[in-house]
Amino acid sequence: MSADRVESPSRLALRRLRKNTGAVIAMGVLTIMVIAAIAAPWITPFDPTTQILEYSVKPAGFRGTILFKKNPADPETPSIIAVSDWQLKSDTVFYRDPAGEPYSIARSSLVGVSNDDFAATPTFWLGTDRFGRDMFTRLVYGMRVSLSVGLISESIALLIGIILGAIAGYYRGWADDVIMWLVNVVWSFPTILLVVAFSVLLGKGYWQTFVAIGISSWVDIARIVRGQFFSIREQEYIEATRALGYGPARTIFRHMLLNATGPIIVLSTAGFATAIIAEASLSFIGLGVQPPTASWGQMIKDGYGYIALGTNWGMTLFPSIAMAIGVLVLNVFGDGLRDAFDPKTSQR
Numbered sequence: 094m095s096a097d098r099v100e101s102p103s104r105l106a107l108r109r110l111r112k113n114t115g116a117v118i119a120m121g122v123l124t125i126m127v128i129a130a131i132a133a134p135w136i137t138p139f140d141p142t143t144q145i146l147e148y149s150v151k152p153a154g155f156r157g158t159i160l161f162k163k164n165p166a167d168p169e170t171p172s173i174i175a176v177s178d179w180q181l182k183s184d185t186v187f188y189r190d191p192a193g194e195p196y197s198i199a200r201s202s203l204v205g206v207s208n209d210d211f212a213a214t215p216t217f218w219l220g221t222d223r224f225g226r227d228m229f230t231r232l233v234y235g236m237r238v239s240l241s242v243g244l245i246s247e248s249i250a251l252l253i254g255i256i257l258g259a260i261a262g263y264y265r266g267w268a269d270d271v272i273m274w275l276v277n278v279v280w281s282f283p284t285i286l287l288v289v290a291f292s293v294l295l296g297k298g299y300w301q302t303f304v305a306i307g308i309s310s311w312v313d314i315a316r317i318v319r320g321q322f323f324s325i326r327e328q329e330y331i332e333a334t335r336a337l338g339y340g341p342a343r344t345i346f347r348h349m350l351l352n353a354t355g356p357i358i359v360l361s362t363a364g365f366a367t368a369i370i371a372e373a374s375l376s377f378i379g380l381g382v383q384p385p386t387a388s389w390g391q392m393i394k395d396g397y398g399y400i401a402l403g404t405n406w407g408m409t410l411f412p413s414i415a416m417a418i419g420v421l422v423l424n425v426f427g428d429g430l431r432d433a434f435d436p437k438t439s440q441r
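Positions 94 to 441 (the working numbering) are the ones given, in order, by the sequence shown.
Here's what the structure looks like:
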C-alpha cells in the first residue's frame with residue numbers, strides 16, 4: 094500500500110489561492126500592469142516629456158496633425174511641429190499652425206524620405222495636459238514609477254523589518270526590549286508624517302522617495318516577524334538545530350524565517366499598496382518624484398486646478414482611477430494570499 098502524498102504548506106496555499114476567483118483576477122490585472130510598465134517605450138506613442146504646447150489641455154480622443162523636424166542636437170528625438178494641415182510642393186512643405194497662421198519649411202529639414210516619415214495624425218486617447226503632453230503616455234510611465242516605488246521601498250522595509258524582528262524574536266531579553274522601544278517610538282507617528290519628514294531630510298528626487306517610504310514602513314513587518322519567531326523558537330526542530338551546533342544566523346534564516354514567510358508575504362503585499370499611495374501623496378505636495386518625470390501624484394496635482402473650472406476633468410480622473418485600480422488589485426490579491434496561507438481567516 095502506497096502512502097498518501099503529503100503536500101507542503103506552500104503547495105496547499107497555492108492550491109487555495111487558485112480557487113479564489115477574486116485573487117486570481119487581481120493577479121491577472123496586476124500582471125497586465127507590470128507588463129505594460131515594462132513595455133512602456135513600445136506601447137506608448139510619445140516620450141512622456143514630449144511637449145506640444147499648441148495642444149495644451151485637449152480632451153480625451155483629440156486627434157492632431159504633427160510634422161517631425163530634424164533635431165541636430167538629438168537625432169533620435171525629432172522636434173514636433175503641430176499643424177492644422179500641410180501640403181508638399183516640390184521641395185517645400187507648406188502648413189498652417191493650429192491658429193491658422195501660414196508657414197513653410199524645407200522638406201530636407203524634416204525627417205525621413207516619405208510623407209509617412211515626417212507627418213503623423215496621432216490620437217490622444219486620454220487627452221493632453223497643460224504642456225501638451227500625452228496623458229496616456231504619462232499614465233503608463235507613471236505606472237512604472239508607482240510599481241517601482243512599491244517594489245523598492247517595500248524591499249527596503251522588508252530588509253529592515255525582518256532583521257530587527259528576527260533579532261527581537263530570537264534573542265529576546267534586552268535586544269527585544271530595545272527593538273520594541275524603537276518600534277513603539279516609530280509607531281507613535283503617522284506613517285505619512287514620517288515619510289514627509291524623511292523626504293525633507295533626504296531631499297527631493299526619484300531614489301530619495303523610495304528610501305523615505307522604505308525606512309518609514311518597516312514597523313509592521315518587524316512586529317509580525319517577532320511574533321512568529323516567538324512561537325517558532327520553542328518548536329522541537331529549532332531545539333534540534335541548537336543541539337546540532339547550528340549558529341544563530343543559520344537557524345534564523347534557513348529554518349525559522351522560512352516558516353514565517355506566509356504572514357510576511359501577505360503583509361508586504363499590503364505594504365506595496367500603501368507605498369503607491371505614499372508616493373502619490375509626496376508627489377502631489379511636491380516632495381516626491383520631480384517634474385518632468387511622470388508620476389500619478391504629479392498628474393493629479395497638475396489637473397487639480399482644472400476641476401473648479403470644469404474643464405479637462407480627465408487630467409485628474411484618469412490617474413486617480415489608475416491608482417485606485419492598482420491599490421484595489423493589490424489589496425484583493427493580499428486578502429487572497431492571507432486566506433490561502435491561513436484558511437481559518439476566511440471562515441471567520
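Where a beta carbon is used, it is the ideal one built from N, C-alpha and C, also for glycine.
Assign residue i to one of three DSSP states: helix, strand, or coil.
i      : result
Asp227 : strand
Ser197 : strand
Phe434 : helix
Pro368 : The sequence shown places Ala at residue 368, rather than the Pro named in the question. The answer is helix: DSSP assigns Ala368 an H, G or I state.
Asp210 : helix
Thr216 : strand
Leu181 : strand
Leu380 : coil
Thr221 : strand
Thr409 : helix
Thr404 : coil
Phe161 : strand
Ser172 : strand
Val42  : Because the chain in this structure spans residues 94 to 441, residue 42 falls outside the shown range and cannot be described.
Phe187 : strand
Phe155 : strand
Asn113 : coil
Asp395 : helix
Ser388 : coil
Ser103 : helix
Gly298 : coil
Ser281 : coil
Pro141 : coil
Asp428 : helix
Val288 : helix
Can the beta-carbon of residue i be found less than 9 Å from the beta-carbon of residue j?
i      : j      : result
Thr344 : Asp227 : no
Gly396 : Leu410 : yes
Phe322 : Ala353 : yes
Thr362 : Gly258 : no
Ala387 : Arg237 : yes
Gly403 : Pro152 : no
Ala106 : Phe434 : yes
Thr158 : Trp179 : yes
Gly419 : Ser309 : no
Leu123 : Val359 : no
Asp190 : Ala175 : yes
Phe282 : Ala305 : no
Leu146 : Gly225 : yes
Ala315 : Ile272 : yes
Leu251 : Asn208 : no
Please work out which residues of its chain come closer than 7 Å, Cβ to Cβ, to residue i, disregarding the five sequence neighbours upstream and downstream, and give them in chain order.
i      : result
Pro412 : Leu232, Gly235, Trp389, Met392, Ile393
Thr58  : An answer regarding residue 58 cannot be provided, because it is not within the stretch 94 to 441 covered by the chain.
Arg104 : none
Ala268 : Ile260, Ala261
Asp210 : Val204
Leaving out the 5 sequence neighbours to the left and right, which residues in its chain are closer than 6 Å to residue i when beta-carbon positions are compared?
i      : result
Gly429 : Leu110, Asn113, Ala116
Pro424 : It is worth fixing the name first, because residue 424 is Asn in this sequence and not Pro. So the qualifying residues of the chain are Ala366.
Tyr299 : Val382
Asp184 : Arg200
Leu312 : Here residue 312 turns out to be Val, not Leu, going by the sequence shown. Once the five neighbours on either side are set aside, the close Cβ partners of Val312 are Val276, Val279, Trp280.
Asp270 : none
Lys371 : For clarity, residue 371 is Ala in the given sequence; the question names Lys instead. Excluding residues within five positions, the ones whose Cβ falls inside 6 Å are Val288, Ile306.
Ser177 : Arg189, Pro191
Ile253 : Trp311
Arg130 : Sequence inspection shows Ala at residue 130; the Arg mentioned does not correspond to that position. Counting only Cβ-Cβ distances below 6 Å, and skipping sequence neighbours, we find Met236, Arg237, Leu240.
Arg347 : none
To which residues of the same chain is residue i closer than 8 Å at the C-beta, ignoring the five residues directly before and after it?
i      : result
Ala96  : Bear in mind that a pLDDT of 48 at Ala96, under 50, signals an unreliable position, so the model cannot answer this.
Met94  : With a pLDDT of 42 at Met94, under the threshold of 50, the predicted position of this residue should be treated as unreliable, though the coordinate-derived value follows. Result list for Met94: empty, nothing under 8 Å.
Tyr263 : Phe322, Arg326, Pro341, Thr344, Ile345, Met349
Arg156 : Thr214, Pro215, Thr216, Phe217
Trp274 : none
With a cut-off of 9 Å, does the C-beta of residue i fall near any C-beta of chain D?
i      : result
Phe434 : The structure shown contains no chain D; it is built from a single protein chain.
Say yes only if the C-beta of residue i is nearer than 8 Å to one or more non-hydrogen atoms of the ligand ADP, and no if none qualify.
i      : result
Lys297 : In the structure shown, the ligand ADP is absent, as is every other ligand, since no ligand is present at all.
Review point. Do the region 237-244 and the region 357-372 make contact, defined as three or more Cβ pairs closer than 8 Å?
Key: yes
Check your understanding: Are three or more beta carbon pairs between the region 200-210 and the region 156-172 nearer than 8 Å?
Key -> yes
Practice item. Kindly confirm or deny that the region 313-330 and the region 257-273 touch, where touching means at least three C-beta pairs closer than 8 Å. Key: yes
**Study point:** Cβ pair count under 8 Å reaching 3, the region 324-332 against the region 371-378
**Key:** no
Point to revise | Contiguous alpha helix (DSSP H) assignments of at least 4 residues, all confined to the region 303-350 | key: 312-325, 329-336, 341-344
Practice item. For the region 224-278, list the beta strand (DSSP E) runs that are entirely contained and at least 3 residues long, ordered along the chain. Key: none
Check your understanding: Counting Cβ pairs closer than 8 Å, one from the region 216-223 and one from the region 143-159, do we hit at least three?
Key -> yes
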